[in-house]
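Below: the structure, in structure tokens.
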Amino acid sequence: MAFWLFKSEPFKWSFEHQKQVGDAGQQWDGVRNYQARNFMREMKPGERGFFYHSNEGKEVVGIVEVTATAHHDTTSDDPRWECVDVKAVMDMPMPVTLEAIKAEPRLSEMVLVTNSRLSVQPVQMSEFKLICEMGGLDPKKAMG
DNA sequence: GCCAACGTTGGC
DNA sequence: GCCAACGTTGGC
1 MAFWLFKSEP
11 FKWSFEHQKQ
21 VGDAGQQWDG
31 VRNYQARNFM
41 REMKPGERGF
51 FYHSNEGKEV
61 VGIVEVTATA
71 HHDTTSDDPR
81 WECVDVKAVM
91 DMPMPVTLEA
101 IKAEPRLSEM
111 VLVTNSRLSV
121 QPVQMSEFKL
131 ICEMGGLDPK
141 KAMG
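Just so we're aligned, residue 1 is where the first sequence starts under the working numbering, counting upward by one.
This is the structure we're talking about:
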């Protein structure tokens, strides 16, 4: 079981939008970066990740779950670009800011910190649990 | 709004 | 296959 982080600018696609589409989920489209695409290819239905608001907010705001394996991104004509489907699972009671993440020595290896431009990235289980705790969320609940 | 870091493109 | 030029991301 792997854990992930999905980054989105809230004025383009926010966690609120994500919640509105419900359990049907929605393709995580628009990714045009090989590294990010390759991580999506590794994802399996049922795996969970953080929903992170970049630019505005700069915080982890909720938990999402992968509902479909990688398939063609319908917003691109180019068959190279694929994406998974995700659905919103629960809110982070207290959003965890990038500032707080950077201030936590145990999170210094997070991809969010070491490669801030990667929009889809893996998260270690220890990192996942710790951020849940920082956000007031029981890690067991978040992990499903 | 700026700019550093990074990724991609295309000429050679 | 190299690398300069360019475009984009995202923190500040």
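Beta carbons: idealized from backbone N, C-alpha and C, even for Gly. Since the structure is predicted, the reported quantities are computational estimates derived from the model, not experimental observations.
Item                                                                                                                        : Value
Cut-off 6 Å between Cβ atoms - residues of its own chain near LYS7, not counting five sequence neighbours on either side    : TYR52, SER54 and SER119
Endpoints, the alpha helix (DSSP H) within which SER146 is located                                                          : The first residue shown for the chain is 1 and the last is 144, placing residue 146 beyond what the model contains.
Where PHE74 falls: helix, strand or coil (DSSP)                                                                             : The question names Phe, yet the displayed sequence has Thr at residue 74. DSSP places THR74 in coil when its eight states are reduced to three.
Whether MET43 touches GLY62 by CB criterion (7 Å)                                                                           : no
Contact check, LYS135 vs VAL89, beta carbons under 7 Å                                                                      : Before going on, a small fix: residue 135 reads as Gly here, not Lys. Against a cut-off of 7 Å, the Cβ pair of VAL89 and GLY135 comes out as no contact.
Beta-carbon contacts of PHE50 that lie in its chain and below 6 Å, excluding the five residues immediately before and after : LEU5 and VAL60
Local Cβ density within 10 Å of VAL66, reported as buried at 16 or more and exposed below that                              : buried
Contact check, VAL86 vs VAL64, beta carbons under 7 Å                                                                       : yes
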